[in-house]
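When we follow my numbering, the leftmost residue of the sequence shown carries the number 5, and every step to the right adds one.
Note that beta-carbon positions come from the ideal geometry of N, C-alpha and C, so glycine has one too.
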Amino acid sequence: MKNISIIGSTGSIGTQTLEIVRANDDLNVVALAAGSNVSLLEKQAREFKPDIIAIWDEDKAKELKTALSEFNIRIVSGMDGLIEVATYISADILVTAIVGMIGLRPTIEAIKAGKDIALANKETLVTAGHLIMPLASEKNVRILPVDSEHSAIFQCLHGEENNKISRLLITASGGPFRGKTREELESVTLEDALKHPNWSMGKKITVDSATMVNKGLEVIEARWLFDVQPADIEVVVQPQSIIHSMVEFADGGIKAQLGTPDMKLPIQYALYYPERRNLAGDRLDFATLNGIIIDKPDKNVFKGLDFAYNALECGGSMPTVFNAANERAVALFIAGRIRFLEIYDVIEMCMKKHRIIDNPSLEDIIETEKNTYELINSRYN
Ligand code: NAD
Ligand code: MG
């Protein structure tokens with residue numbers, strides 16, 4: 005039996021993780037956390053019977069307590085509650101399916117408590133890779149990637165522990181605007197940006213795919229996860245999302261991981277690593293596949309990639325600024341306050357104005373996020 009805790013259980017990754025638990029008798033949920041969705045948390049509690057649940061808001065915690073009064077489930081709230089779930093004593097592994105930098109502290113505490121981490125939360129390595137990776141190795145904790153590209157690389161590296169990576173080839177779908185010119189992007193709407201060709205995901209990450217900021221964030225994550233220099237990480241556009249990423253070794257041999265686009269595979273791989281279990285779902289059918297398309301990213305139009313490489317080159321607190329500025333810019337775009345291409349302008353403005361803090365502490369990172377938000381608020385209010 006493997007005991008699992010999940011922070012962010014009501015979101016896209018969280019609910020898919022629970023689907024995997026539902027399909028496997030030897031997985032057991034012991035702790036759940038989410039932001040505010042009381043009714044879904046209640047349903048999840050009734051089905052999976054965890055020992056403890058954290059909900060961010062204190063009032064919502066009262067509501068949830070009443071709803072679950074017939075069960076002996078501990079209900080907690082706030083950051084202390086989130087940390088209690090993340091470090092819950094009987095959990096073997098923590099799934100970080102929470103969105104935003106709010107996931108940083110609970111993840112750090114879970115590593116300190118010796119929990120393996122199935123890492124979906126992007127902000128963790130983007131902003132604090134320099135803190136997380138050494139801590140995980142000190143505590144002998146595994147960081148098991150859930151993002152499909154990193155999982156693909158992780159799968160390719162299995163059995164290659166003694167071989168040096170010469171290049172990582174991270175695939176990108178190119179999003180809904182692949183092939184478009186800057187002029188054509190002047191007038192695109194939120195609705196256009198949300199039409200992702202292959203993956204069904206939350207709004208924010210779907211917009212990030214359209215700007216290619218998502219791929220930029222993934223390049224930064226890969227740099228930390230696999231200890232590879234930015235110059236050795238390349239982005240390849242693969243519009244069908246069939247090749248999930250690739251690794252090139254010293255002899256020029258390239259390994260790739262392929263499959264249909266389904267986040268349940270990387271989630272399940274992280275939960276059972278290194279074992280592979282049956283997973284229901286569509287299989288890739290080469291008979292009906294009309295070739296595999298490969299393209300180059302158009303970096304002049306989709307500036308998300310260059311920003312990420314630039315943030316990595318600057319180092320220190322700059323990736324935090326890139327991430328935080330993008331988060332706010334996307335929220336402004338979703339709210340109809342700025343146009344699509346202005347997302348890039350907001351990021352660029354924040355990165356230009358930032359004075360880099362080298363080797364930032366957790367507090368520095370959180371402060372940097374706050375300052376970036378304030379800078380944007382002062383201009384877009
Ligand atoms: P989502 O918005 O669907 O879900 C986010 C979850 O976080 C929800 O359960 C929400 O309640 C919870 N949450 C938010 N604020 C909280 C708080 N203060 N306290 C407790 N819980 C809180 O997001 P998602 O698409 O599932 O993505 C989660 C993370 O995984 C993100 O960092 C994302 O970049 C990454 N990711 C997602 C996908 C995907 O396919 N959706 C793929 C790769 C990586
Ligand atoms: Mg991805």
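- Relative to S155, the option among M250, V241, K64, T111 whose CA is nearest is M250.
- Fewer than three Cβ pairs drawn from the stretch 343–358 and the stretch 114–130 lie within less than 8 Å of each other, which leaves the two stretches out of contact.
- For E46, the shortest C-beta to heavy atom distance toward the ligand MG is 7 Å or greater.
- With a threshold of 16 other beta carbon atoms within 10 Å, A254 falls short and is exposed.
- Excluding residues up to 5 positions away in sequence, I115, K116, G118 lie with their Cβ nearer than 7 Å to the Cβ of K143 in the same chain.
- Here DSSP, grouped into helix, strand and coil, assigns I157 to helix.
- The C-alpha of S81 lies about 50 Å from the C-alpha of G257.
- In the DSSP assignment, V217 falls within the alpha helix (DSSP H) that extends over 217–229.
- For E153, the CB contacts under 7 Å within the same chain, skipping 5 residues up- and downstream, are I174, T175, E222, H248, S249 in chain order.
- CA-to-CA, the gap between V232 and I169 works out to about 8 Å.
- For S170, the enclosing beta strand (DSSP E) starts and ends at 169–176.
- Counting along the chain, P149 sits inside the beta strand (DSSP E) bounded by residues 147–149.
- From the listed residues V241, L123, P301, the smallest Cα separation to V150 is found for L123.
- Burial check for E88: the Cβ neighbour count within 10 Å reaches 16 or more, so the residue is buried.
- Look at K6 here: in three-state DSSP terms it is strand.
- The beta carbons of I79 and P54 sit no closer together than 8 Å.
- The alpha carbon of L309 has as its nearest neighbour, out of S245, V241, A35, I10, the alpha carbon of V241.
- No heavy atom of the ligand MG is found nearer than 7 Å to the CB of S16.
- The stretch 284–292 and the stretch 37–47 do not touch, with fewer than three beta-carbon pairs separated by less than 8 Å.
- No residue range can be given for N385, since it is assigned to no alpha helix (DSSP H) and is classified by DSSP as neither H nor E.
- N32 has its alpha-carbon roughly 9 Å from the corresponding atom of A95.
- Taking every residue with its beta carbon within less than 7 Å of a heavy atom belonging to the ligand MG gives, in chain order, D151, S152, E153, N218, E222.
- Proximity of the beta carbon of W203 to the ligand NAD is indicated: a heavy atom of the ligand is located closer than 7 Å.
- The continuous stretches of beta strand (DSSP E) do not include Q48, which lies in the alpha helix (DSSP H) extending over residues 42–52.
- The stretch 362–372 and the stretch 317–325 touch, with three or more beta-carbon pairs separated by less than 8 Å.
- Membership of S249 in the beta strand (DSSP E) is indicated by the continuous run 247–253.
- Distance from the CA atom of E190 to the CA atom of E51, rounded to whole angstroms, is 47 Å.
- For the 8 Å CB-CB criterion, V130 and I11 do not form a contact.
- Within a 10 Å sphere around the beta-carbon of M355 sit 16 or more other beta-carbons, which makes this residue buried.
- For K64, the enclosing alpha helix (DSSP H) begins and ends at 62–71.
- Between the alpha carbons of Q244 and Q261 lies a gap of roughly 14 Å.
- Counting only residues of its own chain and dropping the five nearest sequence neighbours on each side, P270 has a CB closer than 6 Å to the CB of V150, S152, S155.
- Assigned with DSSP and collapsed to three states, Q233 falls in coil, not helix or strand.
- Ranked by Cα distance from W60, the first of S73, E187, E74, T14 is T14.
- According to the DSSP assignment, K356 belongs to the alpha helix (DSSP H) that extends over 346–357.
- Distance from the C-beta of K126 to the nearest heavy atom of the ligand NAD is below 7 Å.
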